[in-house]
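Worksheet: one structure, shown below.
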Amino acid sequence: MVLHAPVDEGRRIVASEIMRCQTDQGHMDEGSILALAEYYKDHLLRCFLSNKGRTPAPRSHPSAPSFDLRKESISPLLTPTPKSHAEAKTIALRRDNYCCVISGKVDSSSIESGLASEVPGVPMTVARAAHIFDRSTNQDLNNDYKRNYAASVHAVLERFGGFKSVDELTGEKIHSLKNILTLSSDIHEWFDQLKIWLEQKPDDPEHCYCICARDNYYLVGLPRKIHLSTSDPERYPLPDPRKLAIHAACAQVIHLSGAAEHLEKILQELEMTQVLETDGRSAHILHYALVRRIDIEAS
65 MVLHAPVDEG
75 RRIVASEIMR
85 CQTDQGHMDE
95 GSILALAEYY
105 KDHLLRCFLS
115 NKGRTPAPRS
125 HPSAPSFDLR
135 KESISPLLTP
145 TPKSHAEAKT
155 IALRRDNYCC
165 VISGKVDSSS
175 IESGLASEVP
185 GVPMTVARAA
195 HIFDRSTNQD
205 LNNDYKRNYA
215 ASVHAVLERF
225 GGFKSVDELT
235 GEKIHSLKNI
245 LTLSSDIHEW
255 FDQLKIWLEQ
265 KPDDPEHCYC
275 ICARDNYYLV
285 GLPRKIHLST
295 SDPERYPLPD
305 PRKLAIHAAC
315 AQVIHLSGAA
325 EHLEKILQEL
335 EMTQVLETDG
345 RSAHILHYAL
355 VRRIDIEAS
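The numbering used here puts the last residue of the sequence shown at 363; the count rises by one with no breaks.
The following block contains the structure:
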């Protein structure tokens, strides 16, 4: 996370929090560093991996009391997300020329309705409005668990990503075109699971991105780079580079740390396990199941 935080202040904060995990003898306290990792997993990485289960039980930041104070100041500012994003999808399709911005495939329903023309040699797809930051974070905020969790997520984003997400991602703002890309259904799923991301290199022009992925087979048939464009930046703004940078940073962190494979393995084991092992080997499955259960009861 120190390497991939998208802003200098985010890197400084993460490095400082890691240093606080040292003992008086100058060694890293394993319990403290694991608690810090768990906190970032639950309140940063997981806001992209929203389909990987339910909201974690609320917890305090393990190393920074000032963080919890900021979280408390954010909580009253949160507003629920509108339940429908159909209008956002329609406008995003118009901005993106009724195509997936990564694959270039044309949306089939737009062709059928006469909004787009069939292009010889260009395949059709089922296009989706893909949120960079998932809308579920701001849903059901009348639930104390969800409100506490959402406030923590926004506090982490402010520290790690360098922008006040509570001003840009709450309520109907979550459906802003700056938070949406038009993607084909398969790429949308990979994007949501941090298996594919858009990375802007230092020398790239504005809104020009490399297409990156956890494994090369996700990139088969895709261009190496894309350049996002809009006919009207005021009415149809492009996806915010800061938001895409945080998504890319989280994708790289979860990829390089092996956390993605670990979470997928736990989910598979949770579905298959009927009885826990008596020797404690199933403890990680029990922990994850209990976290999910706490949220189910709170929902």
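Using N, Cα and C, we set each Cβ at its ideal position, and we do this for glycine too.
In this structure, the CA atom of ILE244 is about 44 Å from the CA atom of THR87. By the Cβ neighbour-count rule, VAL220 is buried, with 16 or more other Cβ atoms within 10 Å of its own. Inclusion of ILE155 and LYS307 in the CB contact set at 8 Å is not warranted, their separation being larger than that value. Counting along the chain, SER248 sits inside the beta strand (DSSP E) bounded by residues 244-248. Counting the other CB atoms within 10 Å of its CB gives GLU176 a total below 16, which places it among the exposed residues. With 16 or more other Cβ atoms inside 10 Å of its own Cβ, VAL170 counts as buried.
Residue environment: ASN212 is assigned as buried (16 or more neighbouring CB atoms within 10 Å of its CB, all protein chains considered). For ALA180, no alpha helix (DSSP H) run applies, since DSSP gives it neither H nor E. Just measuring C-alpha positions, the residue of HIS91, ILE310, MET92, GLY90 sitting nearest LYS228 is ILE310. Looking at the DSSP output, ASP171 bridges to THR189. Around the beta carbon of TYR281, a 10 Å sphere encloses fewer than 16 other beta carbons of the protein chains shown; the residue is thus reported as exposed. Looking at the DSSP output, TRP261 bridges to CYS276. Relative to the Cα of LEU247, the nearest Cα in the group ALA99, ILE290, HIS91, GLN316 belongs to ILE290. Taking one beta carbon from each stretch, the stretch 256-276 and the stretch 181-188 have fewer than 3 pairs nearer than 8 Å; the two do not touch. For ILE290, the uninterrupted beta strand (DSSP E) segment begins and ends at 289-291.
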